[in-house]
Every structure is written in structure tokens, then in C-alpha cells.
Amino acid sequence: MFAASSWKSISIRIGVLAALLIAWDLAGEAKVVNAVFLPAPRQVVLRLFDLVQTGTLYENLIVTVSEFVMGFGIAASAGMLVGIVIGRSRYATLVFEPFLAALFSIPIIIFLPLFLLYFGLGPASKVAFGAVYGFFPVALSTIGGVAQVDRNYIRVGISMGATESQMFRRIYLPGALPVIGNGLRVGCILCFLAILGAETIAGFSGLGTAIAKSSEAMNTTEMFAYIIFVVALAALLNASLSAVQKRLSPAGGS
Amino acid sequence: MNLCPLGPVGAGRAAFAVMFLVAWEAAGHTIFDPEFLSPPSAIIVAMPSLLSDPLILGALGQTLLQLAAAFILAVVLGVAIGLLVGLHPVASEASLPAILLAYSIPQVTILPLFVLYFGVGAASKIAFGVTHGVFPILLSVIVGIKACDPEFIKVARSMGASRHQIVRRIIVPSMIPGLFSSFRVAMSACLLGVLLAELYASTGGVGYYARLFSESFNPPATFALVTILTTMAVLLNEAARRLEIRASAWRTTNGGESI
Numbered sequence: 260m261f262a263a264s265s266w267k268s269i270s271i272r273i274g275v276l277a278a279l280l281i282a283w284d285l286a287g288e289a290k291v292v293n294a295v296f297l298p299a300p301r302q303v304v305l306r307l308f309d310l311v312q313t314g315t316l317y318e319n320l321i322v323t324v325s326e327f328v329m330g331f332g333i334a335a336s337a338g339m340l341v342g343i344v345i346g347r348s349r350y351a352t353l354v355f356e357p358f359l360a361a362l363f364s365i366p367i368i369i370f371l372p373l374f375l376l377y378f379g380l381g382p383a384s385k386v387a388f389g390a391v392y393g394f395f396p397v398a399l400s401t402i403g404g405v406a407q408v409d410r411n412y413i414r415v416g417i418s419m420g421a422t423e424s425q426m427f428r429r430i431y432l433p434g435a436l437p438v439i440g441n442g443l444r445v446g447c448i449l450c451f452l453a454i455l456g457a458e459t460i461a462g463f464s465g466l467g468t469a470i471a472k473s474s475e476a477m478n479t480t481e482m483f484a485y486i487i488f489v490v491a492l493a494a495l496l497n498a499s500l501s502a503v504q505k506r507l508s509p510a511g512g513s
Numbered sequence: 021m022n023l024c025p026l027g028p029v030g031a032g033r034a035a036f037a038v039m040f041l042v043a044w045e046a047a048g049h050t051i052f053d054p055e056f057l058s059p060p061s062a063i064i065v066a067m068p069s070l071l072s073d074p075l076i077l078g079a080l081g082q083t084l085l086q087l088a089a090a091f092i093l094a095v096v097l098g099v100a101i102g103l104l105v106g107l108h109p110v111a112s113e114a115s116l117p118a119i120l121l122a123y124s125i126p127q128v129t130i131l132p133l134f135v136l137y138f139g140v141g142a143a144s145k146i147a148f149g150v151t152h153g154v155f156p157i158l159l160s161v162i163v164g165i166k167a168c169d170p171e172f173i174k175v176a177r178s179m180g181a182s183r184h185q186i187v188r189r190i191i192v193p194s195m196i197p198g199l200f201s202s203f204r205v206a207m208s209a210c211l212l213g214v215l216l217a218e219l220y221a222s223t224g225g226v227g228y229y230a231r232l233f234s235e236s237f238n239p240p241a242t243f244a245l246v247t248i249l250t251t252m253a254v255l256l257n258e259a260a261r262r263l264e265i266r267a268s269a270w271r272t273t274n275g276g277e278s279i
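Chains as they are written, first to last, in the working numbering: chain A, 260 to 513; chain B, 21 to 279.
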């Protein structure tokens with residue numbers, strides 16, 4: 260409903276964005292706002308280039324991205340495995356799905372201190388935390404996806420004597436894929452945000468920690484530079500996930 | 021013969037829960053050092069001292085107060101802005117892009133900014149909670165207004181209702197079920213915001229103590245506090261869900277979608 264459906268709405272959005280940017284720039288120039296609280300856009304952009312040149316941005320980016328790849332890798336594989344094992348059986352679904360749904364409905368950030376306790380303040384706790392955060396949407400959607408596979412297809416497969424592996428590869432997986440795909444997408448975004456959050460709250464390195472550190476040093480120019488970079492990164496991730504989902508789904512994704 | 025009143029599914033869940041707790045307890049005493057991985061027994065032992073500690077109780081109260089303030093503010097702001105934007109098509113076109121832009125920013129990245137602006141006290145927790153909770157409500161109001169069945173409005177207009185009457189009697193009631201649904205989401209989001217802010221930088225509140233116990237390497241207390249928090253979150257979620265069901269009781273059609 261809110262998707263930009265026409266060139267008119269796209270141009271309105273870009274227009275509003277541009278207006279906000281210009282207002283921000285003017286406020287900075289006119290010294291209306293304290294430069295510490297709201298640094299001028301030019302300074303922020305300059306700082307961003309500076310960070311890229313010195314390689315600091317790259318160092319932090321690598322840490323965050325590697326944590327994310329590892330975390331989501333674990334989340335996706337564990338989530339799909341658990342989801343398929345549970346989803347195959349009606350009984351197991353009825354028993355276990357409420358536990359998963361209930362756990363997912365509480366802010367998992369509550370458990371972050373436990374992760375910090377057991378995995379330390381380094382990247383390991385971020386990977387673990389991101390993995391757990393991303394696990395739930397993937398598992399829940401896999402269970403749902405397997406459950407909604409048309410029973411007739413399953414019956415046909417069984418009546419034609421398909422083996423377990425054939426049932427899985429030819430019937431369950433393709434049938435459940437659109438729903439699993441959606442869960443993977445949600446899990447991907449949540450994993451990324453969870454890792455950023457964990458880095459911000461307690462970390463040694465990574466983009467989130469960089470934001471926190473520059474905030475503590477009252478270096479708002481650098482903080483804004485990092486924030487803008489991370490926001491752009493998140494938007495890029497979201498856009499590419501949507502594109503991938505559209506490409507892979509046969510008749511219109513969700 | 022019905023020996024087990026729980027039924028096969030309930031029995032399965034109970035069995036899983038029991039097995040999980042037993043395995044945890046066993047692992048805590050055999051594979052892992054009980055000092056390291058608190059078995060459930062250690063957590064239960066640590067609970068009474070934790071719950072009777074006035075500092076912890078004060079922290080719980082502080083967090084709940086911040087949550088309540090954030091939620092109320094989020095509701096007021098969300099409904100107000102939502103009505104303003106939703107009822108005036110011109111304002112809608114102009115401000116919707118800005119609202120969606122703000123919604124799409126991962127809030128966790130601007131957490132240090134909030135602490136910078138609002139300080140380490142309660143204000144930043146409430147403010148961060150508000151920014152998390154206001155968007156579901158705001159968007160729900162806008163969608164609810166848009167989704168109001170035009171037939172109803174036509175009927176009202178043909179009966180000579182004024183614009184004010186149409187808003188009060190037709191549009192607002194039709195968006196209420198979706199609104200209460202968004203309250204549940206907003207409550208969860210507010211809690212997330214408040215906890216995030218408390219974990220990041222605070223001088224009190226449950227997040228502060230959870231982090232303190234974690235960093236002073238006190239597994240039983242950390243676990244116990246996390247258990248208390250989890251119970252609190254589950255209860256809040258249940259309460260919001262019940263409220264949502266009560267408010268949607270009259271809804272016969274599937275109007276007023278929640279986000």
C-alpha cells in the first residue's frame with residue numbers, strides 16, 4: 260500500500276528527502292543548531308570519505324559483515340533443519356510451534372547479557388546472538404511452509420513410491436519454498452540488526468561499536484557518518500533481498 | 021480411557037518442558053561447572069534474594085514506569101499524527117514519505133544519538149521506546165482510515181451527516197480493531213526500545229542490572245533476572261493480546277488490517 264507506485268510518488272519522496280537535507284544543511288550553516296548535536300552534512304560527508312580512505316570503515320565493515328555471514332549461516336541452516344524436522348509431523352508441530360512462537364514474541368534482546376557472559380565481548384557473542392535472533396523467523400516459516408504443502412502432492416508422491424530424500428527434494432522443498440523464502444528474508448534483516456545492536460551495546464569492533472565509540476567521544480560528525488553508512492547498508496540489504504525473492508518466486512512473492 | 025487430562029498435545033508439550041529442564045539441570049552439574057552454567061535449581065535459589073532486594077525491585081519498577089510512559093506517549097503521538105495525516109489527503113501525500121523514511125531507519129543505529137541528546141537517565145529510555153512504538157500505531161491509524169468501507173461513508177453522507185460526525189461515528193470506530201492490534205505490536209516494540217536503551221547506557225532499570233550481573237560474572241543472578249524479564253514480557257504480550265481480542269469482538273469483516 261505504501262510502495263511507490265508511480266513516478267509522481269517517487270519524485271515526491273525524493274523531493275521530501277532533498278528538502279530535509281537542505282534544511283539540515285542550512286541549519287548547520289546558520290549555526291542555528293549546535294554543531295555538536297547536529298553536524299553539518301558537508302562535514303559528515305567529508306568525514307565519511309576520510310574514514311573510507313584511512314581504511315577504518317573497511318576494518319569495521321569486515322568485522323560486522325563476517326559476523327553477519329556466520330550468524331545468518333547458522334541461523335538459516337539450523338532454522339530450516341529444525342523447521343523441516345518439526346514441520347513434517349503434525350504432532351511435533353502442535354507441540355513445539357507454540358514454544359518457538361512464544362520465545363520469538365518476547366524481545367530476545369533480554370538474553371543479550373547471557374550471550375555476553377558466555378561468549379565474551381568479542382565477535383563470538385555477536386555471531387551467536389545474531390544466529391539465535393535469525394533462527395526463529397526461519398524455523399517458524401519453515402514449519403509453516405512445510406505444513407501448507409498441498410496434501411495431494413504428498414499423497415501422489417507416496418503412492419508413486421518416492422523415497423524420503425525424493426519426497427523432500429521434489430515435493431516438500433519446492434512447495435514450501437515461497438514461505439521459507441519470506442522467513443529467510445525476515446531472518447536475514449533481523450540477524451543483521453541484532454548483530455548491530457549487540458555491537459553497539461557491548462563490543463570491541465564492528466560498525467555498531469564504532470557508532471557507540473564515536474558517540475562516547477562526542478564525535479558526532481563521525482557518528483553521523485557511520486550511521487548514514489549503516490542505514491545505506493541496511494537499505495541495500497533489504498533491497499537486494501526483495502530482488503532475490505522476486506526473482507526466485509514463481510508467481511509473485513509476498 | 022482418559023488418564024491424562026492434558027490430551028496428547030498438551031502432554032507432549034509438558035514432557036518436552038520437563039525433559040528440557042531436567043537436561044539443563046543435569047548438564048549444569050555434570051558437563052558444565054555449576055558456577056558457569058546455572059542449573060534451574062541455582063536460579064530458583066537465587067530468585068528470592070533477588071526479588072527481595074530493594075535495588076532490583078526499584079529497577080523493575082523503573083523499567084515498567086519507563087515502559088508505561090513510552091507506550092502512553094507512543095499511543096497519543098501515534099493516534100494524533102495518524103489522524104492528522106490520514107484525514108487530510110494533502111498532508112498525507114506530503115508527510116508519508118518522511119514517515120516511511122523514518123520507519124525504515126534501523127533504530128538500533130541511532131541509539132547512541134538518543135543517549136547523546138537525552139542523557140543517561142529515564143528520558144532517553146522513554147524517548148527511544150516512543151520512537152519504536154509510535155510507528156506501528158501511526159501506520160495502523162493511517163491504514164485504518166484508508167480501509168474504512170466507503171459504502172458506510174456514502175450512507176452516512178446520504179443521511180446528512182457532517183464531516184465531524186462521519187469521522188467520529190464511522191471512520192474512528194472502524195479503525196479501532198486494527199488500532200488495538202497495533203497496540204500489541206507497539207507494546208512489544210516499546211519494551212524492545214526501553215530494554216535496548218537500558219542495556220546500552222543507564223544508571224538503573226533491569227537492563228542495567230542484567231548487564232551488571234553479566235559483566236561481574238554472576239550467572240545465577242543474570243539467569244534469574246532474565247527469567248523475571250521474560251515472564252514480564254510474556255505477561256505483557258498476553259495482556260495486550262487479550263485486549264486486542266476484546267476490542268475486535270464486534271468485527272465481522274476483515275477490515276482495518278494491522279501492520
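Each residue gets a CB set at the ideal place from its N, CA and C atoms; glycine is no exception.
By the C-beta density criterion, ARG183/B is exposed, having fewer than 16 other C-beta atoms within 10 angstroms.
The alpha carbon of GLU318/A has as its nearest neighbour, out of ASN497/A, ILE271/A, GLY467/A and ARG428/A, the alpha carbon of GLY467/A. For GLY389/A, no chain B residue has a Cβ inside 9 Å of its Cβ, as the nearest lies near 12 Å away.
Chain A places no beta carbon closer than 8 Å to that of ARG262/B, leaving this residue out of the contacts. Ranked by Cα distance from LEU373/A, the options PRO366/A, PHE388/A and PHE363/A are led by PHE388/A. For LEU449/A, the enclosing alpha helix (DSSP H) starts and ends at 432-460.
Annotated three-state conformation of HIS49/B is helix, per DSSP. Taking 8 Å as the cut-off, the beta carbon of LEU380/A is found closer than this to the beta carbon of PHE463/A. As for any alpha helix (DSSP H) of minimum length 4 sitting wholly inside the region 93-131 of chain B, the runs are 109-124, ordered along the chain. Around the CB of VAL38/B, fewer than 16 other CB atoms lie within 10 Å, so the residue is classed as exposed. In chain order, LEU136 and TYR137 make up the part of chain B whose C-beta sits under 8 Å from the C-beta of PHE296/A. Inter-residue distance for GLY48/B and VAL42/B is about 10 Å (C-alpha atoms, whole angstroms).
For GLY149/B, the CB contacts under 6 Å within the same chain, skipping 5 residues up- and downstream, are ALA90, CYS210, GLY213 and VAL214 in chain order. If you check the CB distance, LEU279/A and ALA484/A do not come in under 8 Å.
Residue environment for LYS174/B: exposed (fewer than 16 other C-beta atoms within 10 angstroms of its C-beta).
Comparing alpha carbon positions, the residue from SER424/A, ASN411/A, ALA493/A and SER400/A closest to ALA337/A is SER400/A. Under the three-state reduction of DSSP, GLY180/B is assigned to coil, being neither helix nor strand. Judged by DSSP secondary structure, GLU356/A falls within the alpha helix (DSSP H) whose first and last residues are 349-364.
The shortest CA-to-CA distance from THR315/A to any of ALA286/A, SER499/A, ALA494/A and GLU481/A is the one to GLU481/A.
For GLY330/A, the closest alpha carbon among the candidates ILE470/A, ILE367/A, ALA360/A and LEU449/A is that of LEU449/A.
For the region 210-221 of chain B, the beta-carbon criterion of a distance under 8 Å to any beta-carbon of chain A is satisfied by LEU211, LEU212, LEU215, LEU216, LEU219 and TYR220. Non-local beta-carbon contacts of ILE101/B in its own chain, meaning distances under 6 Å to residues more than five positions away in sequence, involve LEU158 in chain order.
Look at PHE355/A: its C-beta is under 8 Å from a C-beta on chain B.
Residues of the region 465-477 of chain A with a Cβ closer than 7 Å to any Cβ of chain B, in chain order: ILE470, ALA471 and SER474. Interface with chain B (8 Å Cβ-Cβ cutoff): LEU399/A is excluded.
For THR459/A, the chain B residues whose Cβ falls inside 8 Å of its Cβ are VAL128, THR129, LEU131, PRO132 and TYR220, in order along the chain. Taking a C-beta distance under 8 Å as the contact criterion, LEU249/B and VAL226/B qualify as a contact pair.
Distances from the alpha-carbon of ILE273/A to those of SER115/B, ALA244/B and VAL140/B put SER115/B closest. Annotated three-state conformation of GLN312/A is helix, per DSSP. Of the candidates GLN86/B, VAL254/B and PRO60/B, GLN86/B places its Cα closest to the Cα of ALA147/B.
Contact between the region 400-410 of chain A and the region 434-441 of chain A is present: three or more C-beta pairs spanning the two stretches fall below 8 Å. When rounded, the separation of the alpha-carbon atoms in ALA88/B and VAL105/B is 25 Å. Counting along the chain, the unbroken alpha helix (DSSP H) around GLY404/A starts and ends at 382-406.
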